[in-house]
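Visitor: All letters in the sequence shown, in the order written, are residues 3 to 248 by our numbering.
Virtual Cβ for every residue (Gly too), placed ideally from N, Cα, C.
Since this is a predicted model, take the numbers as computed values, not measurements.
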Amino acid sequence: MLPIPAEELNGTGTLGPYWTFYRAVASEQLSRWLPESPSTVLDLSGGRGRWSAQAAKAGHRVLEVVDFRRTVEGPAPLHDASRVGQVRADDLRFLPDGSVDAVLAEERALSIELMAESAIADVARVLRPGGRALVSVDSLVLGMAILAEQNFWAHLRQTDEVMLVPWPDGSITRCFSSGQLRELLTGAGLEVEWIRPRTVLSPSTVDHVLASDPRALTWLVNTELEAHPDDDDTVGIHLVASARRP
3 MLPIPAEELN GTGTLGPYWT FYRAVASEQL SRWLPESPST VLDLSGGRGR WSAQAAKAGH
63 RVLEVVDFRR TVEGPAPLHD ASRVGQVRAD DLRFLPDGSV DAVLAEERAL SIELMAESAI
123 ADVARVLRPG GRALVSVDSL VLGMAILAEQ NFWAHLRQTD EVMLVPWPDG SITRCFSSGQ
183 LRELLTGAGL EVEWIRPRTV LSPSTVDHVL ASDPRALTWL VNTELEAHPD DDDTVGIHLV
243 ASARRP
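(1) Is DSSP giving E66 helix, strand or coil here?
(2) Can you give the beta carbon distance from S138 to E108, rounded, assuming they're within the 8 Å contact cut?
(3) For G238, which option in L129, I197 and D215 has the closest C-alpha, if you only look at C-alpha atoms?
(4) Classify M165 as helix, strand or coil using the three-state DSSP reduction.
(5) Could you work out which residue in D124, S214, V202 and A57 is closest to V27 when comparing CA atoms only?
(6) Does the Cβ of L166 have 16 or more other Cβ atoms within 10 Å, making it buried, or fewer, making it exposed?
(7) Tell me, which residues are paired with P199 by DSSP?
(8) Is the beta carbon of D232 sitting closer than 9 Å to the one on Y20?
(9) Taking the alpha-carbon of G172 as reference, which of L187, Q152 and E195 has the nearest alpha-carbon?
(10) Comparing C-alpha positions only, which one of D215, A213, L219 and S47 sits nearest to S113?
(11) Hey, could you find the ends of the beta strand (DSSP E) F23 is sitting in?
(12) According to the neighbour-count rule (16 or more other Cβ atoms, all chains shown, within 10 Å of its Cβ), is E193 buried or exposed?
(13) Contact between the stretch 174-186 and the stretch 213-230 is defined here as three or more beta-carbon pairs at a separation below 8 Å; is this criterion met?
(14) Assign E115 to buried or exposed, taking buried as 16 or more other Cβ atoms, counted over all protein chains shown, within 10 Å of its Cβ.
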């Protein structure tokens with residue numbers, strides 16, 4: 003899969019069909035990952051509401067942390083107050099140990115939080131034994147694509163060092179290999195269930211299939227999720243991992 007230009011990552015480019023597919027994959031992935039029985043879910047995905055709304059619709063009680071170590075642009079979406087509670091906090095000290103069943107850290111939350119080790123340690127602490135976390139991060143593929151666009155050729159080498167990548171808007175993202183993400187999770191005492199690229203199908207493939215038959219979206223999503231590119235960090239702009247507290 004070729005790296006996606008930076009403007010496409012913000013939804014301002016021309017890959018509309020691909021982003022429709024990407025969002026459908028993420029939604030179905032979360033649907034399959036969520037606990038089967040009603041549970042308490044902590045959402046650290048930035049206060050945009052999408053993930054909390056889906057978890058609440060599936061019957062879970064959700065606590066959404068707004069402004070978790072970063073600023074959210076624009077007003078937060080409205081929620082069903084009976085299912086989703088919101089709290090503004092810079093860390094998780096307000097939560098007791100083992101108080102939640104599942105944690106969502108989508109929207110690249112651990113990449114935007116440069117001290118990801120501290121953030122994931124908080125996640126491990128508030129998870130009950132047997133609880134699970136679903137996290138997404140920027141991949142090395144993405145990091146190297148952004149560096150190439152900025153002509154930082156000397157930095158384009160994969161090492162075991164932390165890769166911090168400046169974005170054109172002045173922000174910094176932390177990019178991970180699958181090995182680094184695994185080390186981050188196990189270092190916090192979590193057991194990794196799987197790590198994979200969010201998508202392995204290329205934008206050109208998705209665009210071609212959907213242009214031929216717009217009804218093929220469900221087939222494409224199922225094809226993506228039935229693939230097993232475990233620990234493959236040579237494709238995809240984002241990595242997704244599921245981990246469990248023993």
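Guide: On the basis of the supplied data:
(1) strand
(2) 5 Å
(3) I197
(4) strand
(5) V202
(6) exposed
(7) L241
(8) no
(9) Q152
(10) S47
(11) Segment G18 to W35 is the alpha helix (DSSP H) holding F23; no beta strand (DSSP E) there.
(12) exposed
(13) no
(14) buried
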